[in-house]
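Trainee: Got a structure for you, written out below as structure tokens; questions coming shortly.
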Amino acid sequence: KLLNKKKWWKTPRNIAAICVPSGIIAAAIVIIIYVRITGKKREQIEEEELELRAYMDPLDSRPVSVETFLHGGIPTRYSFRRIKRYTNNFADRLGQGGFGTVYKVKLPNESLVAIKILDKSKHSQNQFMSEVATLGRIHHLNLVRLLGYCFEGSKRALVYEYMVNGSLEKYIHGQDQIALDWKQLYSIAMGTARGIAYLHDECRSRILHCDIKPHNILLDANFSPKIADFGLAKLTDREESHVSLTGVRGTPGYVAPEVWSVINGPVSDRSDVYSYGMLLMEMVGSRKNVDVKATGSSKFYYPEWAFKQVEMGEFERLREENITDEEDKNIAKKLCLVGLWCIQYSPSQR
Numbered sequence: 001k002l003l004n005k006k007k008w009w010k011t012p013r014n015i016a017a018i019c020v021p022s023g024i025i026a027a028a029i030v031i032i033i034y035v036r037i038t039g040k041k042r043e044q045i046e047e048e049e050l051e052l053r054a055y056m057d058p059l060d061s062r063p064v065s066v067e068t069f070l071h072g073g074i075p076t077r078y079s080f081r082r083i084k085r086y087t088n089n090f091a092d093r094l095g096q097g098g099f100g101t102v103y104k105v106k107l108p109n110e111s112l113v114a115i116k117i118l119d120k121s122k123h124s125q126n127q128f129m130s131e132v133a134t135l136g137r138i139h140h141l142n143l144v145r146l147l148g149y150c151f152e153g154s155k156r157a158l159v160y161e162y163m164v165n166g167s168l169e170k171y172i173h174g175q176d177q178i179a180l181d182w183k184q185l186y187s188i189a190m191g192t193a194r195g196i197a198y199l200h201d202e203c204r205s206r207i208l209h210c211d212i213k214p215h216n217i218l219l220d221a222n223f224s225p226k227i228a229d230f231g232l233a234k235l236t237d238r239e240e241s242h243v244s245l246t247g248v249r250g251t252p253g254y255v256a257p258e259v260w261s262v263i264n265g266p267v268s269d270r271s272d273v274y275s276y277g278m279l280l281m282e283m284v285g286s287r288k289n290v291d292v293k294a295t296g297s298s299k300f301y302y303p304e305w306a307f308k309q310v311e312m313g314e315f316e317r318l319r320e321e322n323i324t325d326e327e328d329k330n331i332a333k334k335l336c337l338v339g340l341w342c343i344q345y346s347p348s349q350r
């Protein structure tokens, strides 16, 4: 009887009486831990996205849910795990940019996109927020479309529409066998100008791109231009005539003099105009504006040499190989004159 009493707990009913409450308690503990972990993660995501919202509009202090935020103009947010899966573990690399590596990706719906994985050391949080916030709030035919982004601590990525013909740089600097004709160049110049004008004059806040250059002009299947890479963009009030920058922004060779030193004048939307002018000069000359390998010291700095040709009225000599067609010559003349007007040293004269 004593032995049987000691084994009372081994009966099915008593085992169930012990195990069921224990199981319920264990499950409750697991649920509590899961809820707390996911809750913290959700809070972190909301904080990050609200920070992006504040970056987009610092005057808007209204509380907003993540869902409202995401569907209010900001592109879709992806997990880094999904980004890694989409890129097939970062297999098809398109190229290396200033702030990260770009990959060509085919999504499950068969559409092509370009995913830029940002360099942790070179791309600060502010630059990332600038790019997402800027592209998330604007839509224009001549601005590259941001489809999504990833923001998981130091892991950051941007998902763009894929531009099949790549950047303008490879066509005007002789890196591609396909040469753009003068009508195409004129169309690209006009489209780029429309995109810049939209940023400066048609957005709620004036947007300075701060890095206009051939590498950041992407071409779609029809060679229509789209301005890309807003990592250095600066948002300002429309009433402000100039802005203050912490440090130099942009790429040497395209940066306006006033960006290097305030002695040359205030930084403003005219600084982008200067960069656009340098872009036009390279399109006309089909070469870099500064070329140490140029034949003859007079051609070392192309804008200066081109100005001399304009003074003499010899527009056919604006390229190494003379421009013989009259229509092409007129286009070259227009592009060159506008380019020279845009790169005046004084911002007020551009």
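Numbering-wise, full-length UniProt numbering puts 244 at position 244 of the sequence shown, and it's gapless, one number per residue.
We put the beta carbon where it would ideally sit given N, CA and C, even for glycine.
1) Have a look at K299, K288, E316 and flag the residue whose alpha-carbon is nearest the alpha-carbon of P252.
2) Could you name each continuous beta strand (DSSP E) segment of 3 residues or more that falls completely within the region 120–154, going from the start of the chain to the end?
3) Going by other Cβ atoms of all chains shown within 10 Å of its Cβ, with 16 needed for buried, is K106 buried or exposed?
4) So, with DSSP's three-state summary, where would you put E304?
5) Measuring only the C-alpha atoms, how far is I331 from K183?
6) Comparing alpha-carbon positions, which option in V102, H215, V144, S271 lies nearest R156?
7) Shortest alpha-carbon distance to Y160 belongs to which of Y78, N88, A294?
8) Which value, in whole angstroms, describes the spacing of the CA atoms of residue 370 and H215?
9) Could you check which residue in I117, R81, D269 has the C-alpha nearest to that of L94?
10) Counting Cβ pairs closer than 8 Å, one from the region 190–198 and one from the region 224–233, do we hit at least three?
11) Determine the contact status of H275 and I172, defining contact as a CB-CB distance below 8 Å.
12) With a threshold of 8 Å between beta carbons, is C210 in contact with chain B?
13) Which runs of the beta strand (DSSP E) at least 3 residues long sit entirely within the region 221–282? Give them in chain order.
14) Ignoring anything shorter than 3 residues or poking outside the region 83–113, list the beta strand (DSSP E) runs there in chain order.
Mentor: So, from the data block:
1) K288
2) 146–152
3) exposed
4) helix
5) I331 and K183: Cα-Cα distance of roughly 8 Å.
6) Measuring C-alpha to C-alpha distances from R156 to each of V102, H215, V144, S271 identifies V102 as the nearest.
7) Of the candidates Y78, N88, A294, the one whose C-alpha sits nearest the C-alpha of Y160 is Y78.
8) In this structure the chain extends from 1 to 350, so residue 370 is not present and cannot be described.
9) I117
10) yes
11) A small fix is needed here, since residue 275 is Ser in this sequence, not His. Cβ distance not < 8 Å, so S275 and I172 don't count as in contact.
12) Absent from the structure is chain B; it holds one protein chain and no more.
13) 225–227, 234–236
14) 93–96, 100–106
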